[in-house]
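In what follows, a structure is listed as structure tokens, so that the remarks can point back to it.
Protein chains: 2
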Amino acid sequence: MPPTDTQSAAPEARQTVTSEAVLDAALTLFAERGYHGTALSQIAERLGIRTPSLYNHMRSKQELLETLVAATLRDVLTDFHGAVADSEDPVVQLRAATRVYALRHATHRREALVVNRDTTSLPEPALTEMRERRREHERAIRSIIMRGIECGAFAVGNAGLASFAILEMSVSIARWFREDGPRTAEQVADEYAEFALRICRYRG
Amino acid sequence: MPPTDTQSAAPEARQTVTSEAVLDAALTLFAERGYHGTALSQIAERLGIRTPSLYNHMRSKQELLETLVAATLRDVLTDFHGAVADSEDPVVQLRAATRVYALRHATHRREALVVNRDTTSLPEPALTEMRERRREHERAIRSIIMRGIECGAFAVGNAGLASFAILEMSVSIARWFREDGPRTAEQVADEYAEFALRICRYRG
DNA sequence: CCTACCGATCGGTAGG
DNA sequence: CCTACCGATCGGTAGG
Numbered sequence: 001m002p003p004t005d006t007q008s009a010a011p012e013a014r015q016t017v018t019s020e021a022v023l024d025a026a027l028t029l030f031a032e033r034g035y036h037g038t039a040l041s042q043i044a045e046r047l048g049i050r051t052p053s054l055y056n057h058m059r060s061k062q063e064l065l066e067t068l069v070a071a072t073l074r075d076v077l078t079d080f081h082g083a084v085a086d087s088e089d090p091v092v093q094l095r096a097a098t099r100v101y102a103l104r105h106a107t108h109r110r111e112a113l114v115v116n117r118d119t120t121s122l123p124e125p126a127l128t129e130m131r132e133r134r135r136e137h138e139r140a141i142r143s144i145i146m147r148g149i150e151c152g153a154f155a156v157g158n159a160g161l162a163s164f165a166i167l168e169m170s171v172s173i174a175r176w177f178r179e180d181g182p183r184t185a186e187q188v189a190d191e192y193a194e195f196a197l198r199i200c201r202y203r204g
Numbered sequence: 001m002p003p004t005d006t007q008s009a010a011p012e013a014r015q016t017v018t019s020e021a022v023l024d025a026a027l028t029l030f031a032e033r034g035y036h037g038t039a040l041s042q043i044a045e046r047l048g049i050r051t052p053s054l055y056n057h058m059r060s061k062q063e064l065l066e067t068l069v070a071a072t073l074r075d076v077l078t079d080f081h082g083a084v085a086d087s088e089d090p091v092v093q094l095r096a097a098t099r100v101y102a103l104r105h106a107t108h109r110r111e112a113l114v115v116n117r118d119t120t121s122l123p124e125p126a127l128t129e130m131r132e133r134r135r136e137h138e139r140a141i142r143s144i145i146m147r148g149i150e151c152g153a154f155a156v157g158n159a160g161l162a163s164f165a166i167l168e169m170s171v172s173i174a175r176w177f178r179e180d181g182p183r184t185a186e187q188v189a190d191e192y193a194e195f196a197l198r199i200c201r202y203r204g
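Read top to bottom, the protein sequences are chains A and B.
Residue 1 is where the first sequence starts when you use full-length UniProt numbering, and the numbers rise one by one after that.
Residue 1 is where the second sequence starts when you use full-length UniProt numbering, and the numbers rise one by one after that.
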């Protein structure tokens, strides 16, 4: 029984929930309980609507996951390209690339948790495409490290091992970071950027 | 219709599946699809029995998860205490502690994936207890780093941040390590142990 | 170890 | 946006 105010003239005005709100609620719950641990009824409840009403804003539960993961990985790569555009110096690039990646995991914790926990629940071909995007990022980091080794700035036995370590320690920030904690996201990101350089044995 | 051989004399001999086999099948599937993404029927199918027969070897699906997580965290702490027992030197201790932790994540990938992905699916009080065990490990690593800072071996602004980074980069080995890959588990563990010292700015 | 079966809940559709 | 409803599957029990 909707309120009998002026808006009842336009039928479209009855819509109380947007697709963005559905995605946001799904993101929160997927991050909290995992994709398979979340029921559509819980997403609906959080929005104050009934389950079937969700289908006005999405095609399926799977599509929700796919949208969230694709958007997150797209943003990660955009961040990366922005971070390395300013300089050709591998030291500057690795610091900047690690900084934005670490920063994103502190400021977008839910997205990070879902991507890392539930990407494997995606159906093909999305699964393969998402894996390819992550690999693209990893290869780009590795290539920076290899250039750093070549020019003598870094000294690390295996660039692949180092790039995995750097990326994954950053990912884990999403597991423990708290906005109301003792350190800001920027402080953590700066510190992790230095960790990355140390892993590569950069003696600044 | 069991084979009509000699073993049919003893009724107990009909048992074809052990609790260990159930746990192992659950471990494989939980690691692959997550706890909520795995049905008991899939565990049974993998063992060649019917779903209700599983209940001869377990009390509930939840108990399977609880058993797996508790055993893994117990082993992690046992590893840790064994690794740091030989020396009081923070450098030696951090290297050894990281080495065994990294090694475990290369050799026990399934356990690591389940602990990291599905511990949050545990009911209380198991959830709190498992979190406490992980925190215990983290505090122990942090304490080694702090002692290293005090005696001048390490130079890192924040021991907590460093311990998180070291532990989580090691955890991630379970995500990418392959037994048939180019590096042995021991080689990876040794390399990560050096990464840990570098993060703490140990200038060996 | 099995068959037979349970209530609950799942994602999703029909139709308004 | 809703109610009414669907078949499928879930974890688990009864009883042998």
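Note that CB positions come from ideal geometry on N, CA and C, so glycine has one too.
As the structure is a computational prediction, the values presented were derived from the model and not from experiment.
The criterion of a C-beta distance shorter than 8 Å is satisfied by Ala193 of chain A and Arg95 of chain A. Contact check for His57 of chain A and Val114 of chain A: beta-carbon distance about 18 Å, past the 8 Å limit, so the pair fails to qualify. The stretch 181 to 192 of chain A makes contact with the stretch 85 to 105 of chain A: 3 or more CB pairs, one atom from each, lie closer than 8 Å. If you check the CB distance, Ile199 of chain A and Ile166 of chain A come in under 8 Å.
Close partners of Gly37 of chain A in chain B (Cβ separation under 7 Å): His36, Ser121. For Leu47 of chain B, the closest of B:Tyr35, B:Pro182, B:His36, B:Leu27 by C-alpha to C-alpha distance is B:Leu27. Chain B places no beta carbon closer than 8 Å to that of Tyr101 of chain A, leaving this residue out of the contacts. Secondary structure at Ala25 of chain B: helix, using DSSP grouped into helix, strand and coil. The C-beta distance from Arg131 of chain A to Arg117 of chain B rounds to 17 Å, too long to fall under 8 Å, and the pair is not in contact. Closest by C-alpha distance to Glu136 of chain B, out of B:Leu54, B:Glu63, B:Asn158, B:Leu73, is B:Leu73. In the displayed model, Ile49 of chain A falls within coil according to three-state DSSP, outside both helix and strand. No Cβ-Cβ contact shorter than 8 Å links Lys61 of chain A with Leu29 of chain A. Arg142 of chain A and Ala31 of chain A have their C-alpha atoms roughly 29 Å apart. Interface criterion not met: the Cβ of Glu63 of chain B is under 8 Å from no Cβ in chain A. Ranked by Cα distance from Ser163 of chain B, the options B:Gly181, B:Arg178, B:Asp180, B:Arg201 are led by B:Arg201.
Per the Cβ contact rule, the stretch 147 to 159 of chain B is not in contact with the stretch 63 to 77 of chain B (fewer than 3 Cβ pairs under 8 Å). Here the alpha carbon of Ala112 of chain A sits roughly 28 Å from the alpha carbon of Thr16 of chain A. Cα atoms of Glu45 of chain A and Ala85 of chain A: separation of roughly 44 Å, rounded to the nearest angstrom. Its Cα nearest to that of Cys151 of chain B, the residue B:Pro90 stands out among B:Pro90, B:His36, B:Thr38, B:Asp24. Residue range 61 to 84 is occupied by the alpha helix (DSSP H) that includes Phe80 of chain A. Counting along the chain, no alpha helix (DSSP H) covers Gln15 of chain A, and no H or E run does either. In the three-state DSSP reduction, Ala126 of chain A falls in the helix class (H, G or I). In the displayed model, Pro182 of chain A falls within coil according to three-state DSSP, outside both helix and strand. Judged by their CB atoms, His105 of chain B and Ser19 of chain B are not nearer to each other than the 8 Å cut-off. Between Ala196 of chain A and Arg109 of chain A, the C-beta spacing is not below 8 Å. The alpha-carbon separation between His36 of chain A and His36 of chain B amounts to approximately 5 Å.
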